[in-house]
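Participant: Pasting in a structure now, in structure tokens, and then I'll have a few things to ask.
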Amino acid sequence: MKTVIILSSVLFLTACFDSGDAQAKEADRIKLGKATFDEHCASCHGKDARGTTIDWKRPLPNGKYPAPPLNGTAHAWHHSPKLLLNTINNGGAKLGGWMPAFKDKLTNKEKQATLDYLHSLWPKGIQQKYDARFK
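Following this line, the structure appears as structure tokens:
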């Protein structure tokens, strides 16, 4: 019984003294996601994912829609992580868009880090709604 109490106490105290590893790993993922986004996505989705046009819902002269902002002001946060990864992997051509496929251009780690980065840009209220729905 004494051993169980000691082990329980050690486990409890270990949990209380978080070394910050989880926060450091999250910060590293977001940093990788920002770098990946800046290199592969910002030219269409804009700096800090703010978009490149005022009205992303209005078609361009070529009939296609501009890339939407991904910072929480458009609709990306309505979609599941699975659908967002599918869009990253397969692009938007099948849906009438022009986003290229990144399936063979980005690693799975880069793709997930990009989603983590975008999530970090969303207002807290949207993050909470998204997390409640999908996480």
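Heads up, the sequence shown is in my numbering, so the first residue is 4 and it goes up one at a time.
Glycine included, every Cβ here is placed at the ideal spot set by N, Cα and C.
1. Reducing DSSP to helix, strand and coil, say where I129 ends up.
2. Ignoring anything shorter than 4 residues or poking outside the region 101-128, list the alpha helix (DSSP H) runs there in chain order.
3. If F40 sits next to T110, beta carbons under 8 Å apart, how far is it from one beta carbon to the other, in whole angstroms?
4. Please work out which residues of its chain come closer than 6 Å, Cβ to Cβ, to L35, disregarding the five sequence neighbours upstream and downstream, and give them in chain order.
5. Excluding five sequence neighbours on each side, which residues of the same chain lie with their C-beta closer than 8 Å to the C-beta of N92?
6. Figure out for me which residue from P64, E29, P62, A77 has the closest Cα to the Cα of A52.
7. Measure the C-alpha to C-alpha separation of L14 and D24 and round it to an integer number of angstroms.
8. So the alpha helix (DSSP H) C47 belongs to, where does it begin and stop?
9. Just confirm the distance between the C-beta atoms of K67 and W101, as a whole number of angstroms; I'd bet it's less than 8 Å.
10. Could you spell out where the alpha helix (DSSP H) holding K97 opens and where it closes?
11. Which of the three DSSP states, helix, strand or coil, is assigned to L59?
Facilitator: According to the structure data:
1. Note: I129 maps to helix in three-state DSSP.
2. DSSP runs (the alpha helix (DSSP H)) wholly in the region 101-128: 111-124.
3. So it is not a contact: roughly 14 Å between Cβ atoms.
4. Answer for L35: A116, listed in chain order.
5. Closer than 8 Å at Cβ, skipping near neighbours: A104, F105, K106, K114.
6. Of P64, E29, P62, A77, the residue nearest in Cα terms is A77.
7. Note that L14 scores 39 on pLDDT, short of 50, meaning its location in the model is unreliable; the coordinates nonetheless yield the value given after this. Whole-angstrom Cα-Cα distance: 17 Å.
8. Annotation for C47: the continuous alpha helix (DSSP H) segment containing it runs 45-48.
9. Right, their Cβ atoms sit about 6 Å apart.
10. No alpha helix (DSSP H) holds K97; DSSP gives it neither H nor E.
11. According to the sequence shown, residue 59 is Trp rather than Leu. Residue state, collapsed to three classes: coil.
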